[in-house]
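The numbering of the sequence shown is UniProt numbering, which starts it at 1 and goes up by one. Cβ atoms here follow ideal geometry from the backbone N, Cα and C, with glycine treated the same way. As the structure is a prediction and not an experimental result, all values here were calculated from the model. Here the structure comes first, spelled out in structure tokens, and everything after it is commentary.
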Amino acid sequence: MIKGSIVAIVTPMHADGSLDYDSLNRLIDWHIAEGTDGIVIVGTTGESATVTVAEHCALIKACVDRVAGRIPVIAGSGGNSTAEAIVLTRYAKEAGADATLQVVPYYNRPTQEGMYQHFKAIAEAVDLPVILYNVPGRTVADMANETVVRLASIENIIGIKDATGNIGRGLDLLRLLSAVPKEFAVYSGDDPTAMALMLAGGKGNISVTANVAPRAMAEMCAAAMSGDIARAIEINNKVFPLHQKLFVEPNPVPAKWALAEMGKMPAGIRLPLVPLASEFHQPVRAALVEAGVLA
């Protein structure tokens, strides 16, 4: 099972929006050195909505090659077309990814049965561990806990990234999954509530904050999952302003600005996203300083 701090890594780009593979390689090496436990490549934070299919595949391959087995690579290969998600997931398996992250189909608003059949078709078509991804704030469609439990009975569906930010709902999901006769991981996909979910039994955090504070997030996840409540709270308090300020504009706009400010990569981003508005520069910079990742 993949556990711990899993970065939903940004996709570095030059000023003209072209992909910056050199910066991506440096980010990957930095994350591994800082203790990040896994990488999600081309997820929502990786601007999956605006890369082409060819770029999507190339980014998965580049990440797998650079990581070279040092930590798990989870390929974002979902979509609102089941057929396209299967094509991308087949490529992810061929490229050597360790698992796939499959988002709830967006825009077309499938029913619970539609979601079940969508994920079941992907899992049956490609022999690769599947992590479900429920983020209703972006997809509008919201996968019910009962549908997650139903999908958990499928052999290679191994976990879920719960980005609802609803701790009560997360606790109920953990309770319901306790009756599933196999190991099934619940990962937080919401940095502000991640510590609480891990203290309750979550297996890690697929994180935006880890983009800029990888060591702190790795240490916080380890403390929370080992039951070291005092240490987990201490670290979480330090990075909590990042949890908030990295979402002052749509993700990954603030995270990409922060990484550019830290000198990790250029500030390129693709339309319809635009660079972080100037009024947010100081609040994001202050959060970086408070977290100890910028002098």
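Reference G165, options V180, G137 and D16, closest by Cα | Position 165 of the sequence shown, counted from the start, is the residue given in the question as residue 165. Checking every option, the nearest Cα to that of G165 belongs to G137.
Measure the Cβ-Cβ separation of L242 and A291 and say whether it is below 8 Å.
-> Sequence index remark: in the sequence shown, residue 242 carries index 242 (1-based). Sequence index remark: in the sequence shown, residue 291 carries index 291 (1-based). Taking 8 Å as the Cβ cut-off, L242 and A291 qualify as a contacting pair.
Below 8 Å between beta carbons: does that hold for N145 and R169?
-> Stepping through the sequence shown from its first residue, residue 145 is reached at position 145. Stepping through the sequence shown from its first residue, residue 169 is reached at position 169. Cβ distance < 8 Å, so N145 and R169 count as in contact.
Cβ neighbours of I32 in the same chain (closer than 7 Å, five flanking residues each side left out) = The residue given as residue 32 occupies position 32 in the sequence shown. Correct list, in chain order: R70 and I71.
Would you identify the three-state DSSP class for K182, choosing helix, strand or coil?
-> The sequence position of residue 182 within the sequence shown is 182, counting from 1. Here K182 sits in coil by DSSP.
Reference E34; option with closest CA among A194, A83, P214 and G4 = Working through the sequence shown from its first residue, we reach residue 34 at position 34. For E34, the nearest C-alpha among the options comes from P214.
C-alpha gap between Y116 and R175, whole angstroms = In the sequence shown, the residue the question calls residue 116 occupies position 116. In the sequence shown, the residue the question calls residue 175 occupies position 175. When rounded, the distance between both Cα atoms is 20 Å.
Answer with buried or exposed for E124, where buried requires no fewer than 16 other C-beta atoms within 10 angstroms of its C-beta.
-> Within the sequence shown, residue 124 is the residue found at index 124, counting from 1. Classification of E124: exposed, given that the 10 Å Cβ count is below 16.
Out of curiosity, what's the CA-to-CA distance linking L101 and L294?
-> Here residue 101 refers to the residue found at position 101 when the sequence shown is read from its first residue. Here residue 294 refers to the residue found at position 294 when the sequence shown is read from its first residue. Distance between the alpha carbons of L101 and L294: 31 Å.
So K256 is in the beta strand (DSSP E); what residue range does that whole segment cover?
-> For the purposes of this step, residue 256 is taken as residue 256 along the sequence shown, with counting starting at 1. No beta strand (DSSP E) contains K256, which is instead part of the alpha helix (DSSP H) from V253 to E261.
Determine the direct distance from the alpha carbon of I229 to that of E47, and round the result to whole angstroms.
-> Here residue 47 is taken as the residue at index 47 of the sequence shown, counted from 1. Here residue 229 is taken as the residue at index 229 of the sequence shown, counted from 1. E47 and I229: Cα-Cα distance of roughly 34 Å.
Using DSSP bridges, identify the partner residues of N205.
-> On the sequence shown, residue 205 is found 205 positions in, with the first residue counted as 1. DSSP lists S5 and S188 as partners of N205.
Determine the direct distance from the alpha carbon of G76 to that of V103, and round the result to whole angstroms.
-> Mapped onto the sequence shown, residue 103 falls at position 103. Mapped onto the sequence shown, residue 76 falls at position 76. About 8 Å.
Between S23 and M217, which are expected to be in contact by the criterion C-beta below 8 Å, what is the C-beta distance as a whole number of angstroms?
-> Residue numbering aside, residue 23 sits at position 23 when the sequence shown is read from its first letter. Residue numbering aside, residue 217 sits at position 217 when the sequence shown is read from its first letter. So it is not a contact: roughly 20 Å between Cβ atoms.
Does DSSP put Y133 in a helix, in a strand, or in coil?
-> The residue you call residue 133 lines up with position 133 of the sequence shown. DSSP places Y133 in strand when its eight states are reduced to three.
Write down the C-beta distance between I60 and A92 rounded to the nearest angstrom, noting that I regard them as a contact closer than 8 Å.
-> On the sequence shown, residue 60 is found 60 positions in, with the first residue counted as 1. On the sequence shown, residue 92 is found 92 positions in, with the first residue counted as 1. Confirmed, about 5 Å.
Buried or exposed: where does R109 fall if 16 or more other Cβ atoms within 10 Å of its Cβ makes it buried?
-> Here residue 109 refers to the residue found at position 109 of the sequence shown. Exposed: under 16 other Cβ atoms inside 10 Å.
Is the distance from the Cβ of A152 to the Cβ of L128 below 8 Å?
-> Within the sequence shown, the letter at position 152 stands for residue 152. Within the sequence shown, the letter at position 128 stands for residue 128. Going by C-beta atoms, A152 is not nearer than 8 Å to L128.
Residues that DSSP places opposite L101 in a beta bridge = Counted from its first residue, the sequence shown places residue 101 at position 101. Paired residues: G76 and I131.
Please classify S207: is it buried, with 16 or more other beta-carbons within 10 angstroms of its beta-carbon, or exposed?
-> Here residue 207 refers to the residue found at position 207 of the sequence shown. Looking at its Cβ environment, which holds 16 or more other Cβ atoms inside 10 Å, S207 is buried.
Between D142 and the rest of its own chain, which residues show a CB-CB distance below 8 Å, the 5 nearest in sequence each way excluded?
-> As a first step, residue 142 must be located in the sequence shown, where it is residue number 142. So the list reads V104, N134, P136 and T164, once near-sequence residues are dropped.
Simplified DSSP state of K161, which is helix, strand or coil | For the purposes of this step, residue 161 is identified with residue 161 of the sequence shown, where counting begins at 1. It is a strand residue.
What do you get for P254, buried or exposed, if any count of 16 or more other CB atoms within 10 angstroms of its CB means buried?
-> If you number the sequence shown from 1, residue 254 lands on position 254. When all chains shown are included, P254 counts as buried.
Just tell me which of T111, N156, V51 and D29 has its CA closest to the CA of T11.
-> Position 11 of the sequence shown holds residue 11. Ranking T111, N156, V51 and D29 by Cα distance to T11 puts V51 first.
Just the Cα atoms here: how many angstroms apart are residue 306 and N211?
-> Past the edges of the chain, shown from 1 to 295, lies residue 306, and the structure says nothing about it.
Within the same chain, show all residues whose beta-carbon is closer than 6 Å to that of A185, passing over the 5 residues directly before and after it, in chain order.
-> Residue mapping note: residue 185 aligns to position 185 of the sequence shown, counting from 1. Here the set comprises M1, G159 and K203.
Excluding the five sequence neighbours on either side, which residues of its own chain have a C-beta within less than 7 Å of the C-beta of V148, listed in chain order?
-> Your numbering for residue 148 matches position 148 in the sequence shown. So the list reads L132, I160 and L173, once near-sequence residues are dropped.
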